[in-house]
Amino acid sequence: MFAHFREKYGEGAGPSGELNLSVLSSLEERATGITELLRSSGGATFSNGLYRLHGSGDIADWTKNVEMAFPEYRGVIVCFGYDWLGRHFALDTRPSEGQWPILLIEPGAGEAMQIPVSFADFHNIELVEYASDALAEPFFHEWLDAGGITPKFTECVGYQTPLFLSGPDTIENLEIYDMDVYWHLCSELRQKTAKG
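Residue numbers (full-length UniProt numbering): 1 to 196.
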């Protein structure tokens, strides 16, 4: 089912981790293939940290973290992966027909964007044909070429001054963060700016 994704990204590095079949089976009907991909690659890192999948045991924790930063999505998302910038990809479980679409949730920009494709098409089409947009792949290579390091599994490359606070979208405004810390900081700043 994920042949195109595997052709571009391989099997990924790292263990698949503990598999929580009860969580995955509840998602499978509207996110076809999620069980297969997380069974084989949950917790894996692809392309030197460009993209990562959560292990099924991390899905609930990261969904809660993201919902705290973006309360408007509380109860309607399920996070399954993230990129080098700490941006999370989630199933958008609000009522819709067919397969659930994907949300790209950006802590540094303080916004979310719907990607109107299924879980399988996100991996086989968006991440393969449109990695430049979906994962900011050229920016990742620019970061590495400038001497930036690959973030560890629990880290991300985040903005020192978030974009929603008029920070520049440049390499000079990036640094390595613990991803929990980065999401917490962006959450607090986003909530403060929303209150005015």
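Cβ coordinates follow ideal geometry from the N, Cα and C atoms, glycine included.
- The three-state reading of DSSP puts residue 157 in strand, counting E and B together.
- In the DSSP annotation of this structure, residue 130 is not part of any alpha helix (DSSP H), being labelled neither H nor E.
- Sequence-distant partners of residue 13 (beyond 5 residues in either direction) whose C-beta falls short of 7 Å from its own C-beta, in its chain, are 44, 45.
- In the structure shown, residue 49 falls within a helical segment according to DSSP collapsed to helix, strand and coil.
- The beta carbons of residue 81 and residue 53 sit closer together than 7 Å.
- Scanning the segment 64-140 for uninterrupted alpha helix (DSSP H) segments of 4 residues or longer gives 131-134, listed from N- to C-terminal end.
- In the DSSP secondary-structure assignment, residue 13 is bridged to 45.
- Taken through DSSP and simplified to helix, strand or coil, residue 178 comes out as strand.
- Judged by DSSP in its simplified three-state form, residue 60 adopts helix.
- Here residue 141 has no same chain residue with a Cβ atom under 8 Å from its own Cβ, once five neighbours each way along the sequence are excluded.
- Comparing C-alpha distances from residue 157 to each of 192, 165, 176, 67 shows the shortest one belongs to 176.
- When C-beta atoms of the segment 87-102 are compared with those of the segment 116-126, three or more pairs fall below 8 Å, so the two segments count as touching.
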